[in-house]
Amino acid sequence: MIGSEKIRIAVIGGGAAGFFAAISCKQHHPDADVIIFEKSNKTLAKVKISGGGRCNVTHATFDINALSKNYPRGERQLRKAFSQFMTTDTVEWFESRGVQLITQEDNCIFPKAQDSQVVIDCLMHEVKKRNITIRLHSHIDKIDKANGGYNLAVREQDVLFCNKIIVAIGGQPKMRGLQWLADLGHRIESPVPSLFTFNMPDNSITKLMGVVVNPASVKIPGTKLQADGPLLITHWGMSGPAILKLSAWGARILEEKNYNFSILVNWLHPKTESDITNLVEHVILNLNSKMVKNTNPFGLPNRLWKFLLLKYAIPDDQRWGSLSKKIKNKLVQLLFVDEYVVSGKTTFKEEFVTCGGVALEDVNFKSMESKVCPGMYFTGEVLDIDGITGGFNFQSAWTTGFIAGKLG
Ligand SMILES: Cc1cc2nc3c(=O)[nH]c(=O)nc-3n(C[C@H](O)[C@H](O)[C@H](O)COP(=O)(O)OP(=O)(O)OC[C@H]3O[C@@H](n4cnc5c(N)ncnc54)[C@H](O)[C@@H]3O)c2cc1C
Numbered sequence: 125m126i127g128s129e130k131i132r133i134a135v136i137g138g139g140a141a142g143f144f145a146a147i148s149c150k151q152h153h154p155d156a157d158v159i160i161f162e163k164s165n166k167t168l169a170k171v172k173i174s175g176g177g178r179c180n181v182t183h184a185t186f187d188i189n190a191l192s193k194n195y196p197r198g199e200r201q202l203r204k205a206f207s208q209f210m211t212t213d214t215v216e217w218f219e220s221r222g223v224q225l226i227t228q229e230d231n232c233i234f235p236k237a238q239d240s241q242v243v244i245d246c247l248m249h250e251v252k253k254r255n256i257t258i259r260l261h262s263h264i265d266k267i268d269k270a271n272g273g274y275n276l277a278v279r280e281q282d283v284l285f286c287n288k289i290i291v292a293i294g295g296q297p298k299m300r301g302l303q304w305l306a307d308l309g310h311r312i313e314s315p316v317p318s319l320f321t322f323n324m325p326d327n328s329i330t331k332l333m334g335v336v337v338n339p340a341s342v343k344i345p346g347t348k349l350q351a352d353g354p355l356l357i358t359h360w361g362m363s364g365p366a367i368l369k370l371s372a373w374g375a376r377i378l379e380e381k382n383y384n385f386s387i388l389v390n391w392l393h394p395k396t397e398s399d400i401t402n403l404v405e406h407v408i409l410n411l412n413s414k415m416v417k418n419t420n421p422f423g424l425p426n427r428l429w430k431f432l433l434l435k436y437a438i439p440d441d442q443r444w445g446s447l448s449k450k451i452k453n454k455l456v457q458l459l460f461v462d463e464y465v466v467s468g469k470t471t472f473k474e475e476f477v478t479c480g481g482v483a484l485e486d487v488n489f490k491s492m493e494s495k496v497c498p499g500m501y502f503t504g505e506v507l508d509i510d511g512i513t514g515g516f517n518f519q520s521a522w523t524t525g526f527i528a529g530k531l532g
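Numbering (our numbering), first residue to last: 125 to 532.
Structure, rendered in structure tokens:
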């Protein structure tokens, strides 16, 4: 508790981070008057649709260093924050409140009920139990410093004095959504999308929609960007964890390229170029008299193998035993550095986030307090933090929300 007087805390934004911060705040300061201001007519809207309606609550990575590595932005700062509240705490928090969780093969953690509503019900129950007020239709777009706190302008009408403010407004696609925070003196990293799939209009590989190669790796020539994992061919281009990871790590660079760039796919990841050259030699010895087009010796999906042979113009009557050096090189190339031109992006329907937001240098990650405005705290996607897919984005919302709610 802060002093003996009842203090008023405003939580701006009724999403995952705002709810978690409000609950933590009441836990740590039971006498405080905590109010969640939500601009729309409903709270927790993203939790509802998250993970395809199942809500990927967190990820089964229980080592702080390994966990932090899943954040293209925020890795260093979150390492500090996770020492206060991390994945183990999330699991314990929900399970102790009756939300049973289950870990998938890919280490993503979901409610056993496979329904995001159980997460919403749990958060809502905690909020009600602790007498936290929710004010819907309450857009906050102006905050002025006042003696010992802040004056909030609610929908440009009422002005309300609050001793402390927790900002949990989520990722803002446009700079103007963050302007009031910039006006208070915070540096803002410009917002750009993260977690998107790659469009390849008119590329005939899209005819192979539904084909998955696991694992493949993808790199962007001329950059250090590289990612691996399952790669899915879609009717508009490429998707799957390998592509989504690449989009997250490359969010800024790819925006600068206006989403026009090339990728090189290694269909036999983790094999290296020399591994693949040796493999081709080995196949030549073993399948000597067989026709290339009638065999599929590298374990690729059949349709993809046929597509690649056509793309690289490997003759129909080519036998393994009579490959020229040029064709041998082509085969290594089509397996190891198969090139595609990307033109545009599509937002991933299961999960997308914003890269950019309040600059991390302006926030003390021990408390989530602003270094610019004392008594103001930040949590969730409004910060320049974003993770790859797999429950990492909610984890950073739970972590920063828990810490912000402690109010120092
Ligand atoms: C389709 C989809 C699926 C996803 N699935 C997953 C998943 O399964 N696992 C995972 O880890 N992540 C997932 N994510 C990402 C995750 O949902 C977000 O990272 C997370 O919701 C961020 O929480 P937040 O509270 O910071 O922001 P938000 O959830 O965006 O909440 C912010 C709230 O603030 C309100 N608000 C904004 N401005 C104001 C204002 N000025 N005044 C008052 N209120 C305001 C908004 O209306 C909103 O309700 C998904 C995202 C999407 C889009």
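For every residue, glycine included, the Cβ atom is placed at its ideal position computed from N, Cα and C.
Near residue i, what residues of its chain come up, given a Cβ to Cβ distance below 8 Å and the 5 sequence neighbours on each side ignored?
{"i": "V336", "result": "P354, L355, L356, I357, G364 and P425"}
{"i": "K417", "result": "K430, L433, I438, D440 and Q442"}
{"i": "K450", "result": "none"}
{"i": "G374", "result": "I344, T347 and L349"}
{"i": "K298", "result": "P315"}
Please list, in chain order, all residues of the same chain as residue i whose beta carbon is under 7 Å from its beta carbon, the five residues on each side excluded.
{"i": "T214", "result": "V181, T182, Q519 and W522"}
{"i": "S192", "result": "E199, L202, R203 and F206"}
{"i": "L319", "result": "L368, S371, A372, F472, E475, F476, V477 and T513"}
{"i": "G515", "result": "N180, V181, T182, H183, C232 and I233"}
{"i": "N488", "result": "K495"}
{"i": "T419", "result": "L411"}
{"i": "I400", "result": "L392, V456, L459 and F460"}
{"i": "R376", "result": "V316 and C479"}
{"i": "L308", "result": "I267, V496 and C497"}
I'd like the span of the beta strand (DSSP E) that includes residue i, first residue to last.
{"i": "A134", "result": "R132 to I136"}
{"i": "L355", "result": "Q350 to I357"}
Please report the Cβ distance between residue i and residue j, rounded to the nearest whole angstrom; I am assuming they are in contact, meaning their Cβ atoms lie under 8 Å.
{"i": "V291", "j": "F502", "result": "5 Å"}
{"i": "G480", "j": "S371", "result": "With a Cβ gap of about 14 Å, G480 and S371 do not count as contacting."}
{"i": "W391", "j": "L459", "result": "5 Å"}
{"i": "I527", "j": "F209", "result": "6 Å"}
{"i": "A169", "j": "G525", "result": "Contact flag wrong, Cβ pair sits at about 16 Å."}
{"i": "N165", "j": "L260", "result": "5 Å"}
{"i": "G532", "j": "E493", "result": "6 Å"}
{"i": "G139", "j": "G504", "result": "6 Å"}
{"i": "N275", "j": "D268", "result": "5 Å"}
{"i": "L389", "j": "D326", "result": "According to the sequence as given, residue 389 is Val; it is not Leu. V389 to D326, Cβ: 18 Å. No contact."}
Take residue i and list the residues in its own chain whose beta-carbon comes closer than 6 Å to its own, dropping the five residues that flank it on each side.
{"i": "I133", "result": "C149, A156, V158 and K288"}
{"i": "L302", "result": "Q296 and I312"}
{"i": "K414", "result": "W444"}
{"i": "G176", "result": "E474"}
{"i": "K163", "result": "H263"}
{"i": "F322", "result": "G361, M362, I367 and V466"}
{"i": "I126", "result": "Summary for I126: the model assigns pLDDT 48, below 50, so the residue's position carries little reliability; its value from the coordinates is reported in the next sentence. Counting only Cβ-Cβ distances below 6 Å, and skipping sequence neighbours, we find nothing."}
{"i": "I147", "result": "E250"}
{"i": "F143", "result": "L247"}
{"i": "A141", "result": "A292, T503, G504, A521 and G525"}
Along the chain, where does the alpha helix (DSSP H) that runs through residue i open and close?
{"i": "A528", "result": "F516 to K530"}
{"i": "T401", "result": "E397 to N410"}
{"i": "C497", "result": "It is not in any alpha helix (DSSP H) - C497 carries neither H nor E in the DSSP assignment."}
{"i": "S174", "result": "A169 to G177"}
{"i": "D213", "result": "T211 to E219"}
{"i": "D265", "result": "That residue, D265, is in no alpha helix (DSSP H); its beta strand (DSSP E) goes I264 to A270."}
{"i": "M248", "result": "Q241 to K253"}
{"i": "F472", "result": "Element bounds for F472: n/a, residue is neither H nor E."}
{"i": "P365", "result": "P365 to W373"}
{"i": "R200", "result": "E199 to F206"}
{"i": "R259", "result": "Per DSSP, R259 belongs to no alpha helix (DSSP H); it is in the beta strand (DSSP E), T257 to R259."}
{"i": "K450", "result": "K449 to F460"}
{"i": "K435", "result": "N426 to K435"}
{"i": "K150", "result": "A140 to H152"}
{"i": "D307", "result": "Q303 to D307"}
{"i": "N189", "result": "I188 to S192"}
For residue i, which option in the options has the closest C-alpha, if you only look at C-alpha atoms?
{"i": "K395", "options": "G423, L305, K450 and G525", "result": "G423"}
{"i": "Y195", "options": "N517, H406 and G142", "result": "N517"}
{"i": "H310", "options": "L484, D239 and G504", "result": "L484"}
{"i": "K130", "options": "I147, G137 and P154", "result": "P154"}
{"i": "V316", "options": "S446, V506 and G529", "result": "V506"}
{"i": "A340", "options": "R376, L428, V135 and N402", "result": "L428"}
{"i": "K236", "options": "A190, S448, F218 and L276", "result": "F218"}
{"i": "S398", "options": "P421, E380 and N453", "result": "N453"}
{"i": "I136", "options": "L305, R254, D187 and I173", "result": "L305"}
{"i": "T211", "options": "D230, E229, I188 and R376", "result": "I188"}
{"i": "N255", "options": "Q228, V404, A351 and Q151", "result": "Q151"}
{"i": "V407", "options": "A190, K381, L447 and R376", "result": "L447"}
{"i": "I173", "options": "V482, Q238 and D307", "result": "Q238"}
Exercise. If you pair each beta-carbon of the region 383-403 with each one of the region 457-467, do three or more pairs fall below 8 Å?
Worked result: Contact annotation: the region 383-403 touches the region 457-467, with at least three C-beta pairs closer than 8 Å.
Exercise. Is the region 180-199 touching the region 282-291, taking contact as three or more C-beta pairs under 8 Å?
Worked result: In short, these stretches do not touch, since the Cβ pair count stays below three.
For this session: For the region 240-247 and the region 209-228, state whether three or more C-beta atom pairs, one from each stretch, are separated by less than 8 Å.
Result: Contact between the region 240-247 and the region 209-228 is established, with three or more Cβ pairs separated by less than 8 Å.
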